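Note sheet for the following structure.
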Amino acid sequence: MPFLSPSTGSSDGLVESFLHDMDALDHNALKPNTSKVTPLPKKRKQATHPSQNNPETKKKKQPSWLKRKQELELLRQQTQAMETRVVYLQMKKTSPSDNSHFFNLQKEKTSALVEKQRCILAQNENMQLRSKFMRQYEALQLAMATGEYQLKELQRVLSGTLRVELGTLRACRTHVFDMMERRLDARFHKLDPVSGRWHHVTREGGCCVMRKYSVDGGTTSGICQARSQLCLYPDGDHETSQTKSNSVRDVVISSYSQLVKSRHQFVQNALFDTIRS
Numbered sequence: 000m001p002f003l004s005p006s007t008g009s010s011d012g013l014v015e016s017f018l019h020d021m022d023a024l025d026h027n028a029l030k031p032n033t034s035k036v037t038p039l040p041k042k043r044k045q046a047t048h049p050s051q052n053n054p055e056t057k058k059k060k061q062p063s064w065l066k067r068k069q070e071l072e073l074l075r076q077q078t079q080a081m082e083t084r085v086v087y088l089q090m091k092k093t094s095p096s097d098n099s100h101f102f103n104l105q106k107e108k109t110s111a112l113v114e115k116q117r118c119i120l121a122q123n124e125n126m127q128l129r130s131k132f133m134r135q136y137e138a139l140q141l142a143m144a145t146g147e148y149q150l151k152e153l154q155r156v157l158s159g160t161l162r163v164e165l166g167t168l169r170a171c172r173t174h175v176f177d178m179m180e181r182r183l184d185a186r187f188h189k190l191d192p193v194s195g196r197w198h199h200v201t202r203e204g205g206c207c208v209m210r211k212y213s214v215d216g217g218t219t220s221g222i223c224q225a226r227s228q229l230c231l232y233p234d235g236d237h238e239t240s241q242t243k244s245n246s247v248r249d250v251v252i253s254s255y256s257q258l259v260k261s262r263h264q265f266v267q268n269a270l271f272d273t274i275r276s
């Protein structure tokens, strides 16, 4: 207990030394009377002299040191009882406000410990989240670097391919256009007689004429019209009839390309129309 006297160990030492001294005195008292006796034992003998002849008193007589030891034990018990009383009074003297303050302090300490544990857990969680964020950030940086590298490689390949294709087109453009122009010139040279005037003599002495007609401004309309001419040869002298038959049908062709593609069918139709007329 915090209110006990701190001199308990020293008092035990004093008791032991006192008992040792008492034993020495008793031992000296039991020795024969060959030396000088101290005044204290004489007084004891004088005090106990009247009762020497009584055997009952001799039996009940106790050593002085044992009596003193019992007295010391009694004093020790009384001292402990008094110390216990002092502690009780001090506890009783303590006000309830102090107890409530003590309980509040304990409660605050408990709350502080709980908050400290929560803070430690939060710090650990923050460290885990920070490490996870760093891993994700590094992965993102790696993905972005890989994407940029792939994009640059793709741009390089595409630019190289486009440059090759453009170079090829530039190299062969003139050649291709020249070849197409030569083919068109050859085709127009072949079609020039047909587009100008085309005569076909039939068995009856007639012929089929194809002409191209111009519109206002001198441009060619691309429209061809078929006409029939009837040639008569009586007695060696021939006369040519320039009159247009009313039953002659005009054939209109939208373009020279279509005329070239269907020239055989056009000629056959014109011949059949001429024969019917």
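Letter by letter, the sequence shown follows residues 0 to 276 of numbering that gives the first Met the number 0.
Just so it is clear, CB atoms sit at the ideal spot from N, CA and C, and this is done for glycine as well.
All figures in this text were calculated on a predicted structure; none of them were measured in a lab.
Secondary structure of residue i, DSSP reduced to three states
i, result
"Gln77", "helix"
"Gln61", "coil"
"Val14", "helix"
"Asn268", "helix"
Same chain only: Cβ atoms within 7 Å of residue i, ignoring 5 sequence neighbours per side
i, result
"Val14", "Leu71"
"Pro233", "Low local confidence applies: a pLDDT of 47 at Pro233 is under 50, so the model's placement there is unreliable, with the coordinate-based value given in what follows. Nothing meets the Cβ criterion."
"Glu147", "none"
"Glu203", "In this prediction, Glu203 has a pLDDT of 47, which is less than 50 and means its spatial position is unreliable; nothing more can be read from the coordinates."
"Arg43", "Interpretation of Arg43 is limited by its pLDDT of 45, a score under 50 that renders its predicted location unreliable; no figure is taken from the coordinates."
Rounded separation between residue i and residue j - CA only
i, j, result
"Glu82", "Gln116", "43 Å"
"Ala185", "His174", "16 Å"
"Ala144", "Ala138", "10 Å"
"Thr78", "Lys66", "18 Å"
"Asn125", "Leu141", "24 Å"
"Glu107", "Leu73", "46 Å"
"Gln241", "Asn268", "Residue confidence is low: Gln241 scores 47 on pLDDT, short of 50, so the model does not pin down where it sits. No coordinate-derived value is stated."
"Leu128", "Tyr136", "12 Å"
"Val163", "Phe176", "20 Å"
"Leu153", "Glu180", "39 Å"
"Trp197", "Gly166", "Residue placement at Trp197 is poorly supported in this model, since its pLDDT is 47, which falls under 50; the coordinates still yield a value, given next. Their Cα atoms are separated by approximately 46 Å."
"Val156", "Arg169", "20 Å"
"His237", "Leu183", "Unreliable placement is indicated for His237, whose pLDDT of 45 sits below 50; the coordinate value is still reported in the next sentence. Whole-angstrom Cα-Cα distance: 41 Å."
"Met178", "Phe187", "14 Å"
"Arg75", "Val113", "47 Å"
"Phe132", "Gln122", "15 Å"
"Ser158", "Gln149", "14 Å"
"Thr109", "Gly12", "45 Å"
"Ala80", "Leu120", "52 Å"
"Gln105", "Ser130", "38 Å"
"Tyr87", "Ala111", "33 Å"
"Lys189", "Lys151", "55 Å"
"His48", "Gln61", "Low confidence applies here, because His48 scores a pLDDT of 47, under 50, leaving its location unreliable and the question unanswered by this model."
Cβ separation of residue i and residue j, assumed to be a contact under 8 Å, to the nearest whole Å
i, j, result
"Leu24", "Lys68", "About 13 Å separates the two Cβ atoms, so there is no contact after all."
"Ser63", "Met90", "Contact flag wrong, Cβ pair sits at about 41 Å."
Residues of its chain near residue i, where Cβ-Cβ distance is below 6 Å and the 5 sequence neighbours each way are ignored
i, result
"Arg134", "none"
"Phe102", "none"
"Leu277", "Residue 277 is absent from the model: the chain starts at 0 and stops at 276."
Residue-level contact to chain B via CB, residue i, 8 Å cutoff
i, result
"Gln154", "As a matter of chain content, chain B is missing from the structure shown, which is built from one protein chain."
Residues of its chain near residue i, where Cβ-Cβ distance is below 8 Å and the 5 sequence neighbours each way are ignored
i, result
"Ser16", "none"
"Cys118", "none"
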